[in-house]
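Q: Protein chains in written order, with the working numbering: chain Y, 1 to 350; chain B, 351 to 700; chain V, 701 to 1050; chain A, 1051 to 1400. Just dropping this structure here.
Protein chains: 4
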Amino acid sequence: MAGNTYGKLYKITTWGESHGKALGVIIDGCPPNIPLSELDIQKEVDKRKPNSSASTSRKEADKIEILSGIFNGKTTGTPISIIVFNKDQKSSDYNNIKDLFRPGHADYTYELKYGIRDYRGGGRSSGRETVSRVMAGAIAKKILKEKQKTEIFGHTIQIGDILAKKFDKKHLEKSELKCADEKAEKEMLKLINKAKAAGDSVGAIVEIVIKNPPKGLGEPVFDKLDAELAKAMMSIGAVKGVAFGSGFDSVLKKGSKNNDQMTAKNKFLSNNSGGILGGISTGEDIVIKLAVKPVSSISIPQQTISKSGKSVMIKTLGRHDICLAPRIIPVAESMAALVILDFLLQKKTF
Amino acid sequence: MAGNTYGKLYKITTWGESHGKALGVIIDGCPPNIPLSELDIQKEVDKRKPNSSASTSRKEADKIEILSGIFNGKTTGTPISIIVFNKDQKSSDYNNIKDLFRPGHADYTYELKYGIRDYRGGGRSSGRETVSRVMAGAIAKKILKEKQKTEIFGHTIQIGDILAKKFDKKHLEKSELKCADEKAEKEMLKLINKAKAAGDSVGAIVEIVIKNPPKGLGEPVFDKLDAELAKAMMSIGAVKGVAFGSGFDSVLKKGSKNNDQMTAKNKFLSNNSGGILGGISTGEDIVIKLAVKPVSSISIPQQTISKSGKSVMIKTLGRHDICLAPRIIPVAESMAALVILDFLLQKKTF
Amino acid sequence: MAGNTYGKLYKITTWGESHGKALGVIIDGCPPNIPLSELDIQKEVDKRKPNSSASTSRKEADKIEILSGIFNGKTTGTPISIIVFNKDQKSSDYNNIKDLFRPGHADYTYELKYGIRDYRGGGRSSGRETVSRVMAGAIAKKILKEKQKTEIFGHTIQIGDILAKKFDKKHLEKSELKCADEKAEKEMLKLINKAKAAGDSVGAIVEIVIKNPPKGLGEPVFDKLDAELAKAMMSIGAVKGVAFGSGFDSVLKKGSKNNDQMTAKNKFLSNNSGGILGGISTGEDIVIKLAVKPVSSISIPQQTISKSGKSVMIKTLGRHDICLAPRIIPVAESMAALVILDFLLQKKTF
Amino acid sequence: MAGNTYGKLYKITTWGESHGKALGVIIDGCPPNIPLSELDIQKEVDKRKPNSSASTSRKEADKIEILSGIFNGKTTGTPISIIVFNKDQKSSDYNNIKDLFRPGHADYTYELKYGIRDYRGGGRSSGRETVSRVMAGAIAKKILKEKQKTEIFGHTIQIGDILAKKFDKKHLEKSELKCADEKAEKEMLKLINKAKAAGDSVGAIVEIVIKNPPKGLGEPVFDKLDAELAKAMMSIGAVKGVAFGSGFDSVLKKGSKNNDQMTAKNKFLSNNSGGILGGISTGEDIVIKLAVKPVSSISIPQQTISKSGKSVMIKTLGRHDICLAPRIIPVAESMAALVILDFLLQKKTF
């Protein structure tokens, strides 16, 4: 059913293709009287920009513009429309793949489903769509921070077989790979450069932390907070797994070690649950791990077929991401903010 | 928002508490003219019944009854109401925990959210709620099998650190732990019995397989097929992680190994994607892994607090599950069937 | 899409056929900690009972039963399931019409849409379905009255060409036709008896009044309060028109007479708007008029066709309603309560 | 909840204020492979343009632009974003009313609900918002016409006490007031000019006809086709009543006259039902009447209050509509098209 809208009370609808005229988002349900400027949003969008050897060479000087919903510097409760115009798209670059299905991409399934697709840069299935999510998430993050002191951040905890072993927040702020362990990051960069030299790509695990979340969010049974967060996270391209708290590691634990015991003042002695019990937030930090698959675009030739069913070899020309972790983190933060704010609005209005 | 309804076109609403008068489900949107008997549903519900040392001792002779939506042995397109009356609930068993928050359970968060809870057997947050899901799922599975030849099954692939290493479908059919590797299952049972003797519990990984799924299911961007399936799976109590295809293992792979190359006749040479590309089904088997946490109810005493904030020790009296895998599998199969059928109805009617 | 669920936060799902085993409703989203007994609901359901010559002869001794969602006399925030078992249905009475499409009824369209229908007493399209709405509405009315001092009532203002000309609340309470003008009611009863003698039926206009409604309910643009109320009212069988405030009469007025001027203390000098401006409640009484068509079941023979397309004459045997106004009023009150409570929950929780 | 989105499968979200930078709509769920040009939409938007003495003097040279969802002249199944930039808004014109609540307008309720409002030209509550609906409706109308031969048109059947008495389609096409009776239109124009001279305004009844609609649309119980259409129509500002088929006139009829008898080949001998039985379309023309209140903006001074509660007199300066009928018709046609297409997509895909 459509599928480009997310949320119930803070409802966002994204639109736009990688190489179309523009991309944008409509936010329907933002509370009124929130001070908001284009800068608040631009800041978050800029975090998405590739800035390293680990990233694409496409220049994304995304200049955002607010078209509605703000009056005298404040939200009015009416829909907020935010737009980014695309510039300098060289669509002709994609003529050579217009009849081919790139392995690991959505080319085959879009063609199968719609019988037509905008093949330029992946069209709607491009990662570029996520700029719309970040624009909407920027406002959600701002509201959560100012009204609830809730903060959301993500970091890379594994690339290939290299694990981050310490958490240095200062380093995270400047880290190219959004990794909080400087030493591990150096190893990660080596791995990335090696893969790049081989025309290949690497996978990663990122962790999203929601600090100081509101208590009591989430609905019993189907609309559990972790269920909604799982959907939100899995809706990000390249994410192939999601886990909460001790997640897949809990399999190896006994119940006596995995249960979070409680003590006076509603304190938990551990956080294996990842801040959610019975689908409802406890108030402890919500901790989510995401499996990020290796980038599908690689320069090593691979076997595929054309629209007419002919076998051909394909390889990605030009530069491309080698590891998606740093680009996925701001998107995952945004999606987390959307989920938390939506549930919060179900509890109360500002 | 409410949160006891799942689905858009094949929409189910579940109700009932563990120790209330009855539990049930309403299915709104079932296609008309499907032959359906109470036996079709009873069969699936019976699979949920504990039948081993790995299970609870509570006798659940759940006799289901259809109250509406069927006429002359066929569905009519109107809501199907199915009910199970609870019998012999000894609610008094729960008086000792009515003011305590059991670690790992929803007691604390329900109290926090609602300011009231039916503490008898977990009330609404009890695993017993899933009987309603299985009743609705039974019909979805029947439709998928008869109209699309799609079959859905789950099996236990890991308990604690014991891994299943082979897939013997015959053994699976009679397996107590729903494990397809007879040898591994013996080891698993040993592990369970050891944990039981210690008053403890163990975790597991189960795999859900959707064989021969319809192609082209799933919506781009937010309502991706894997996103919806992730939500559906995470909505099952005790599930703490979900992954598709090579999932968390893809992190260790290079792109050149993880991409599923294609060859003539739309064949894929591997299925690392788990049957979903860009959020849309390819037609390959959909493969999902679930992390099942160790059972929270254990007889080892644990630290907790009472409603009034006093520190106390708590332990679970009587018998209880040691490992949830075999009981979660029919529920996960049902949820998968609900998601697949719902997307299928968005594509076409019967 | 399904279509048996109403509401977003106070969400109800109804099920059951006229001559099936039972009918019921699930309420998902009722706030917790509301004292609630079966009597609260029974009282409202009893108001639906036909008690006059203007009504059906079918005995509807509807004994309601609450199956979930209540603990120690209070709502818990979990789904409330309420059921009424059908008794003494003589389904065989309907064998003669099972292959015929009764004029004015849903027989033809149900057959067209579903290719199957439960013809006994109209099955799902029977007015009997509304008992489920009244059960859900009873709780909504109770909450609105206790938390907001909002009261909702309906009365018959026209039957055929007889208009009520005064409003005597005392008379309304005991009125057979739910008409607040004793003199007019006598004329109305004469008209009904005349139609009855002729084997015919009559139409009516009823007015629903929401006294002291919460201010600020309703969303701009599509989900206006009047738009939602219009949908809710038109969802009642036999209602063919709905109007707010001066409604169709406003057509004959000039703007200078139709505008409600304001004076100090946010007082309005008139209420032509019917309590809603720009889709949002002003706090003035909300006043709705409903056109109720004459009952379709009549004993005068009429031309129709059979399922196989053959022309036949049909007439309704046995007794039936002559005017639906008194039976529609409690349903319309319930629907109004559902809409108001749902919007109120979008504003705040209790 | 939010409230700026309409539809389930063909889902539209509108945004923008009367005097903001731009207005627009996102269509999520448009079927793929529909040939579509900007001209298809521009044509319908131009119909909205005031072109007579009965209309506003504001020049609305609305130049529409498609920003996404079209590739090589066809829809791709991804969201279609359409925008209109506002030009030459003289916002300063509204400074004098920024602290006043205009009678009959949404000023008071928006302020009440949001605590802030864009007072320039009514902001979001302006009729200008409907340009977004017409853009989305243009595509729906095109699809319905090409795929189903369904056509939708509206005409003015009453202004004040002047009734149209004949239906001349040729005249309708060029009619200033969208009235199909040339003689009646002349009388209507006289009435309008008289009201205008007096600084006043007039109301109207318009009729919307859906010719040759698909059969079997609509869901039983709550989501009846007429219930959805009623909501869609009532969501248009200034519409205060809606009725189907014989509507409020059915009140005066006996059942024997109001029932539509049937004859061979599924023919109905009359259409008092307005093409809908039991909430489902019969295939007969769907006929809807709308009560349009007299324009709220008048130059006759009226009593109102300021934000601070002070009593003041207010009158509308400059030119304004005297009768809204001709401007509401294209919007109502669009809303009808949205409802019909949405239900059609629930039945099948193209």
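Idealized CB from N, CA, C, for every residue including glycine.
Taking buried to mean at least 16 other C-beta atoms within 10 Å of its own C-beta, is V/E846 buried or exposed?
A: With fewer than 16 Cβ atoms within 10 Å of its Cβ, V/E846 is classed as exposed.
Q: What distance in whole Å lies between the Cβ atoms of Y/L177 and Y/M188, which are believed to be in contact at a cut-off of 8 Å?
A: Indeed they touch by this definition, with Cβ atoms about 6 Å apart.
Q: Identify, in the order they occur along the chain, each residue of the same chain with its Cβ nearer than 7 Å to the Cβ of A/N1322, setting aside the five sequence neighbours on each side.
A: Closer than 7 Å at Cβ, skipping near neighbours: G1295, S1296, S1300, N1308, D1310.
Q: For chain V, is any of its Cβ atoms less than 9 Å away from the one on A/L1319?
A: A/L1319 counts as touching chain V.
Q: Quick one: give me the first and last residue of the alpha helix (DSSP H) that B/L494 is part of.
A: It spans 480 to 498 - the alpha helix (DSSP H) in which B/L494 sits, taken as one unbroken run.
Q: Could you tell me the alpha carbon to alpha carbon distance between B/K519 and B/L541, rounded to whole angstroms?
A: If you take the alpha carbons of B/K519 and B/L541, they lie about 23 Å apart.
Q: Might you give, ordered along the chain, the residues of its own chain that have their beta carbon closer than 8 Å to the beta carbon of B/K565, omitting 5 neighbours on each side?
A: Excluding residues within five positions, the ones whose Cβ falls inside 8 Å are S631, T632, G633.
Q: For A/L1089, count neighbouring C-beta atoms within 10 Å of its own C-beta (all shown protein chains included) and say buried if the count is 16 or more, exposed if not.
A: With fewer than 16 other Cβ atoms within 10 Å, it is exposed.
Q: Kindly indicate which three-state DSSP category V/D728 falls into: helix, strand or coil?
A: The answer is strand: DSSP assigns V/D728 an E or B state.
Q: Where does the unbroken beta strand (DSSP E) through A/S1384 begin, and where does it stop?
A: No beta strand (DSSP E) holds A/S1384; the alpha helix (DSSP H) holding it covers 1375 to 1397.
Q: If contact is defined by three or more beta carbon pairs under 8 Å, each pair taking one atom from either stretch, is the stretch 474 to 482 of chain B in contact with the stretch 284 to 300 of chain Y?
A: No, because fewer than three Cβ pairs between the stretch 284 to 300 of chain Y and the stretch 474 to 482 of chain B fall closer than 8 Å, the two stretches do not touch.
Q: Return the residues of the stretch 980 to 994 of chain V that lie within a Cβ-Cβ distance of less than 9 Å from chain A, sorted by chain order.
A: Those residues of the stretch 980 to 994 of chain V that come within reach of chain A (Cβ to Cβ, closer than 9 Å) are I980, S981, T982, G983, K989, A991, V992, K993, P994.
Q: Please list, in chain order, the residues of the stretch 768 to 783 of chain V that have any C-beta partner in chain B closer than 9 Å.
A: Hits within the stretch, in order: S768, G769, I770, F771, N772, K774, T775, T776, G777, T778, P779, I780, S781, I783.
Q: Between the stretch 1061 to 1079 of chain A and the stretch 78 to 86 of chain Y, are three or more C-beta pairs nearer than 8 Å?
A: Yes, since at least three Cβ pairs between the stretch 1061 to 1079 of chain A and the stretch 78 to 86 of chain Y fall closer than 8 Å, the two stretches touch.
Q: Ignoring anything shorter than 4 residues, give me the alpha helix (DSSP H) runs that lie fully in the stretch 570 to 636 of chain B, in order along the chain.
A: Qualifying alpha helix (DSSP H) stretches, in chain order: 575 to 584, 605 to 608.
Q: Does the distance from the CB of Y/E185 to the CB of Y/S201 come in under 9 Å?
A: In this structure, Y/S201 does not lie closer than 9 Å to Y/E185 by Cβ.
Q: Chain V partners of Y/K211, CB-CB under 8 Å?
A: Those within 8 Å of Y/K211 in chain V number zero; the least Cβ separation is about 25 Å.
Q: So with CB distances below 7 Å, who are the chain A contacts of Y/Y114?
A: Those are P1082, T1126, G1127, listed as they occur along chain A.
Q: Leaving aside the five residues before and after Y/D181 along the sequence, list all residues of the same chain whose C-beta is less than 6 Å from its C-beta, in chain order.
A: If we look at Y/D181 and ignore the five residues flanking it on each side, its Cβ neighbours are A164, K165, K166.
Q: In whole angstroms, what separates the C-alpha of A/E1115 from that of A/I1202?
A: Cα-Cα distance, rounded: 24 Å.
Q: Measuring only the C-alpha atoms, how far is Y/L225 from B/V589?
A: Approximately 13 Å between the Cα atoms of the pair.
Q: Output the distance between the C-alpha atoms of B/A545 and B/C673, rounded to the nearest integer angstrom.
A: For B/A545 and B/C673, the distance between alpha carbons rounds to 10 Å.
Q: Taking Cβ to Cβ, would you say B/K361 is nearer than 9 Å to B/I384?
A: No, these two residues do not count as a Cβ contact at 9 Å.
Q: Could you tell me the distance, in whole angstroms, from the CA atom of Y/I116 to the CA atom of Y/I300?
A: Answer to the nearest angstrom: the Cα atoms are 27 Å apart.
Q: Residues of chain A with CB under 8 Å from Y/D118, in chain order?
A: Within 8 Å Cβ-Cβ: F1121, T1126, T1128.
Q: With respect to 8 Å, is the separation between the Cβ of V/K763 and the closest non-hydrogen atom of the ligand ATP below this value?
A: Here there are no bound small molecules, and the ligand ATP is not part of this structure.
Q: What are the residues that DSSP puts in a beta bridge with A/H1155?
A: DSSP output for A/H1155 lists no bridge partner at all.
Q: I'd like the span of the beta strand (DSSP E) that includes A/E1257, first residue to last.
A: That run of the beta strand (DSSP E) goes 1254 to 1261.
Q: Under 9 Å, do A/G1119 and Y/L67 count as touching if we go by C-beta distance?
A: Going by C-beta atoms, A/G1119 is not nearer than 9 Å to Y/L67.
Q: Tell me the rounded alpha-carbon separation between B/A687 and Y/F343.
A: Spanning the two alpha carbons is a distance of roughly 27 Å.
Q: Quick one: what does DSSP say V/S737 is sitting in, helix, strand or coil?
A: If DSSP states are grouped into helix, strand and coil, V/S737 belongs with coil.
Q: Taking the straight line between their C-alpha atoms, what separation do you get for A/R1377 and A/A1282?
A: For A/R1377 and A/A1282, the distance between alpha carbons rounds to 16 Å.
Q: Just confirm the distance between the C-beta atoms of B/A554 and B/I509, as a whole number of angstroms; I'd bet it's less than 8 Å.
A: With a Cβ gap of about 5 Å, B/A554 and B/I509 count as contacting.
Q: Note the first and the last residue of the continuous beta strand (DSSP E) segment covering B/E501.
A: Per DSSP, B/E501 belongs to the beta strand (DSSP E) from 501 to 509.
Q: So V/K711 is in the alpha helix (DSSP H); what residue range does that whole segment cover?
A: No alpha helix (DSSP H) contains V/K711, which is instead part of the beta strand (DSSP E) from 711 to 716.
Q: Looking only at DSSP bridge pairs, what is B/L417 linked to?
A: Per DSSP, none; premise fails for B/L417.
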